[in-house]
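If you use UniProt numbering, the sequence shown closes out at 175, no skipped numbers anywhere.
Each residue gets a CB set at the ideal place from its N, CA and C atoms; glycine is no exception.
Only a predicted model underlies this, so the values are computations on that prediction, with no experimental measurement involved.
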Amino acid sequence: MRRRQWIAGVGWGLVGWRAAGAQPADAAAAEAKAPPLPALGVPWPVPAMTRLDGTRFEPAHAEGKVLVLYWWASTCPFCAVTSPHVERFWRTHAARPGWMLLTLSIDRTLQAAQQYLQQRGYTFPCAWVTPEVQRAMPKPKGLPITLVRDRDGRIVMAERGQLFPEDVDAIANWL
């Protein structure tokens, strides 16, 4: 009887773990196979996608502009530290011409990403990474990931992990 209770407890614990948003084993395997950060100077095409506000991002929108890409997740502690700096950067520079910001949530569900943004009052443009987007533009290994693409579509900055306020502020040098 104790063995059955133990097995049932483990089973329900796993169900709770999955329901709480823990990453499944296939997510860990996908991360292990993720490509490295792109080298500076390489072209970085970005596919069309729908932002969380329902608007479309089309590659043509970013032609001739600096494009800042920021991958994040609501479960990532380093993203939780970096995202407020990204929000501040967005609010400071949003009206500045010649650049775009596109943040990319890798949360398991669209609802998790939407809830996280709403709870924190984040207004930066965000898309949810669908399987189609992931196939067209695989997220580099690590999280958060910050890339800056110049007006010619080439990578000029590629960072993995938490950024400090001064690191985020330095993105303005590329605008």
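Pull up the CB-CB distance for residue i and residue j, whole angstroms please, since I reckon it's below 8 Å.
i: residue 72; j: residue 165; result: At roughly 16 Å, the Cβ-Cβ gap does not stay under 8 Å, so residue 72 and residue 165 are not in contact.
i: residue 106; j: residue 129; result: 5 Å
i: residue 101; j: residue 68; result: 5 Å
Is residue j closer than 8 Å to residue i when the C-beta atoms are compared?
i: residue 171; j: residue 44; result: no
i: residue 175; j: residue 46; result: no
i: residue 34; j: residue 139; result: yes
i: residue 113; j: residue 126; result: yes
i: residue 162; j: residue 78; result: yes
Express the C-alpha separation of residue j and residue i in angstroms, rounding to a whole number.
i: residue 85; j: residue 103; result: 13 Å
i: residue 108; j: residue 173; result: 33 Å
i: residue 12; j: residue 116; result: A caution first: residue 12 carries a pLDDT of 40, below 50, which makes its placement in the model unreliable, though a value can still be read off. Each residue's alpha carbon lies about 26 Å from the other.
i: residue 40; j: residue 121; result: 33 Å
What residue from the options has the CA that sits closest to residue i's CA?
i: residue 42; options: 163, 173, 152 and 167; result: 152
i: residue 62; options: 148, 141, 158 and 169; result: 148
i: residue 53; options: 123, 100, 158 and 157; result: 123
i: residue 99; options: 64, 36, 120 and 39; result: 64
- Query: Which runs of the alpha helix (DSSP H) spanning at least 4 residues fall entirely within the region 22-62, listed in chain order?
  - Reply: 25-32, all fully within the region 22-62.
- Query: What residue ranges within the region 60-143 form continuous beta strand (DSSP E) runs of no fewer than 3 residues, ordered along the chain?
  - Reply: DSSP runs (the beta strand (DSSP E)) wholly in the region 60-143: 66-72, 99-105 and 126-128.
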